[in-house]
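Notes follow the structure.
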Amino acid sequence: MRSGRRASATRHGKAPSWTPIRGVWRPLGSLRGSVRTERHPRASVSRVPRVLSIDRAPRSRRSASARRQELQVAAAATTQAQLDDFVGEALSVSTRRQRTSAWNSYQLAVEAADMSEGDFGVTSLVTWVRAMAVGDYAFSTIQNYVGHVRRMAKEKGLPILDDRDERVLELALRAGRKIVGDPGPRKAIALDKARVLAVAAKLSPLDADILLAGVLGMCRCSELFGFLAGHLAPTAGGVSMLVAMSKTDQFAAGSRIYLGCTGHRKKNANVCEDEWCVAHRLLRRSRQAEEPDSPLFPTDKVSFAERLRAAVTAVVGCSPTEATTHMMRRSGALIYHRGGVPLLEIAEMGRWKDSTCLQGYLRAAFDAPKYYTDLTASIWAQ
Numbered sequence: 027m028r029s030g031r032r033a034s035a036t037r038h039g040k041a042p043s044w045t046p047i048r049g050v051w052r053p054l055g056s057l058r059g060s061v062r063t064e065r066h067p068r069a070s071v072s073r074v075p076r077v078l079s080i081d082r083a084p085r086s087r088r089s090a091s092a093r094r095q096e097l098q099v100a101a102a103a104t105t106q107a108q109l110d111d112f113v114g115e116a117l118s119v120s121t122r123r124q125r126t127s128a129w130n131s132y133q134l135a136v137e138a139a140d141m142s143e144g145d146f147g148v149t150s151l152v153t154w155v156r157a158m159a160v161g162d163y164a165f166s167t168i169q170n171y172v173g174h175v176r177r178m179a180k181e182k183g184l185p186i187l188d189d190r191d192e193r194v195l196e197l198a199l200r201a202g203r204k205i206v207g208d209p210g211p212r213k214a215i216a217l218d219k220a221r222v223l224a225v226a227a228k229l230s231p232l233d234a235d236i237l238l239a240g241v242l243g244m245c246r247c248s249e250l251f252g253f254l255a256g257h258l259a260p261t262a263g264g265v266s267m268l269v270a271m272s273k274t275d276q277f278a279a280g281s282r283i284y285l286g287c288t289g290h291r292k293k294n295a296n297v298c299e300d301e302w303c304v305a306h307r308l309l310r311r312s313r314q315a316e317e318p319d320s321p322l323f324p325t326d327k328v329s330f331a332e333r334l335r336a337a338v339t340a341v342v343g344c345s346p347t348e349a350t351t352h353m354m355r356r357s358g359a360l361i362y363h364r365g366g367v368p369l370l371e372i373a374e375m376g377r378w379k380d381s382t383c384l385q386g387y388l389r390a391a392f393d394a395p396k397y398y399t400d401l402t403a404s405i406w407a408q
């Protein structure tokens, strides 16, 4: 009944009936004149909504006999396709896509060479590696594809390479690397704070909020577009954002991003005056949502990526291939690192597996020539 009343109120244009998240400040005023400024009434602590991001049936206590019966029914109805899907769920969506692409590429090559899947071995692999090198695949792609196919072959029970074959495949990969070259993986550009704000100024308020949340929170694109309005809650000095699941949290244990208020508040007042305070921008956006399970950022990541690319290239003048959504995460890591935050803390804030994985994010900054010129001059001039 409650959900029915809520839907009815929304259809007739009335104010949302869900209890908004309790705030600790008044929201900012208008955002560049294009965002509504009406405020939801504050809610009591006991009424803060709890949002579940993953649909799971509630646990219930059942008898042992009922569980045994359910086990038998489930096992009897299981198909091979269901088993494959079940095992595949252990991997992230991006990994599953890469595996599928790699296996399709391998099959295409061996079929063209008049071989079959059962002929898996060093000959078929070297044939495939050579074909990719001649086809001018990036070496990083060749290397990743070979790794995926070898792991999938092991899962399928296909022959395992012996020491001699391992050496031949290693030499084949080195030969392929010489043919195509290896400039290293393409990296998204990393911007400093001034240029991040310059890019944000060229975007709509919605896209600017996504960009700023991605940079300050060092968010992956999948994390940003997984946020719901109810995932955001105020803290004593900012806001927290629930990351229900991430690339390094496939079991959905959940983690939180904490963003502090960057405004300068007057004495005895709790009003933030900073237009670019991300904490307040996101808090206001969550309050304006119709329901706590409404998307915090109501747009799709493909069109957002296109708009972000256009804004970044306009501000920085970089190649469009460098202006990807991953620049948000890289820029955030770079800004925190140059601000003196230890790598271990950046890794924890950005949900990296460890600080070693993080180090690659701190290279190839857009301003590296000037930054290192000034850095060496300042050190040696002392």
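Letter by letter, the sequence shown follows residues 27 to 408 of my numbering.
Beta carbons are placed, not taken as given, at the ideal position from N, Cα and C, and that holds for glycine.
Option in the options with minimal Cα separation from residue i
i: Glu348; options: Thr149, Arg200, Phe392 and Gly114; result: Phe392
i: Ala157; options: Glu192, Val206, Thr350 and Phe146; result: Val206
i: Arg125; options: Ser404, Tyr397, Arg177 and Trp406; result: Arg177
i: Tyr132; options: Phe146, Ala220, Arg122 and Glu249; result: Phe146
i: Pro185; options: Phe323, Thr149, Leu322 and Leu117; result: Thr149
i: Gln385; options: Ala227, Arg282 and Lys213; result: Lys213
i: Ala337; options: Leu97, Arg200, Ser230 and Ala179; result: Ser230
i: Leu370; options: Glu115, Ser381, His352 and Leu187; result: Ser381
i: Lys228; options: Ala179, Val341, Cys303 and Ala394; result: Val341
i: Cys245; options: Ala159, Arg313 and Leu268; result: Leu268
i: Arg203; options: Thr167, Gly366 and Pro368; result: Thr167
i: Arg364; options: Thr105, Arg389 and Lys180; result: Arg389
i: Gly376; options: Arg282, Ala90, Glu196 and Ala403; result: Arg282
i: Val119; options: Leu237, Ala107, Ser248 and Arg94; result: Ser248
i: Leu250; options: Pro321, Gly366, Ser329 and Ala359; result: Pro321
i: Lys182; options: Thr325, Val367, Gln106 and Pro395; result: Gln106
Cβ distance (whole Å) where residue i is taken to contact residue j below 8 Å
i: Ser266; j: Ala259; result: 5 Å
i: Val172; j: Val155; result: 7 Å
i: Thr153; j: Val175; result: In fact, because the Cβ distance is near 12 Å, the residues do not count as touching under 8 Å.
i: Leu308; j: Asp235; result: 6 Å
i: Ala334; j: Asp233; result: According to the sequence shown, residue 334 is Leu rather than Ala. Indeed, because the Cβ distance is near 7 Å, the residues count as touching under 8 Å.
i: Leu285; j: Gly243; result: 6 Å
i: Phe409; j: Asp111; result: Given that the chain is displayed from residue 27 to residue 408, the structure contains no residue 409 and the question cannot be resolved.
i: Arg122; j: Gly114; result: 6 Å
i: Met353; j: Ile215; result: 5 Å
i: Cys305; j: Gly343; result: Looking at the sequence itself, residue 305 is Ala, so the reference to Cys does not match. Actually they do not touch by this definition, with Cβ atoms about 31 Å apart.
i: Leu134; j: Gln169; result: The pair is not a contact, with the Cβ atoms about 18 Å apart (cut-off 8 Å).
Buried versus exposed call for residue i [16 or more other C-beta atoms within 10 Å across all chains shown]
i: Val225; result: buried
i: Tyr398; result: exposed
i: Cys298; result: buried
i: Ile405; result: exposed
i: Val222; result: buried
i: Cys303; result: buried
i: Arg310; result: buried
i: Leu117; result: exposed
i: Ser357; result: buried
i: Leu238; result: buried
i: Ala315; result: buried
i: Leu197; result: exposed
i: Leu401; result: exposed
i: Ala179; result: buried
Own chain residues within Cβ distance below 7 Å of residue i, not counting five before or after
i: Gly161; result: none
i: Thr261; result: Tyr284
i: Ala139; result: Thr153
i: Ala373; result: Asp380, Ser381 and Leu384
i: Gln98; result: none
i: Ala92; result: none
i: Cys287; result: Gly263, Gly264, Cys298, Cys303, Ala305 and His306
Any C-beta of chain C under 9 Å from that of residue i
i: Ala305; result: This model lacks chain C altogether, as it is built from one protein chain only.
Contacts around residue i, its chain only, beta-carbon distance under 6 Å, and the 5 residues preceding and following it disregarded
i: Met141; result: Ser150
i: Ala331; result: Thr351
i: Ala128; result: Tyr171, His174 and Val175
i: Ala102; result: none
i: Thr339; result: Pro346 and Ala349
i: Phe323; result: Ile236
i: Ala159; result: Gly202, Ile205 and Val206
i: Gly289; result: Cys298, Glu299, Asp300 and Cys303
i: Asp326; result: none
i: Trp378; result: Leu384
Neighbourhood of residue i by C-beta, 8 Å cutoff - its chain only, sequence neighbours within 5 removed
i: Asp319; result: Val77, Leu254, Ala255 and Gly256
i: Leu360; result: Ala216, Leu217, Asp218, Tyr387, Leu388 and Ala391
What are the start and end residues of each continuous alpha helix (DSSP H) run of 4 or more residues lying completely inside the stretch 335-395, in chain order?
-> Correct list: 352-364, 369-375 and 381-384.
Quick one: which unbroken alpha helix (DSSP H) runs of 4-plus residues sit fully inside the stretch 215-249? Chain order, please.
-> As far as the stretch 215-249 is concerned, its whole alpha helix (DSSP H) runs of at least 4 residues are 219-227 and 231-242.
In chain order, each alpha helix (DSSP H) run of at least 4 residues that lies wholly inside the stretch 118-174 | Scanning the stretch 118-174 for uninterrupted alpha helix (DSSP H) segments of 4 residues or longer gives 119-138 and 148-160, listed from N- to C-terminal end.
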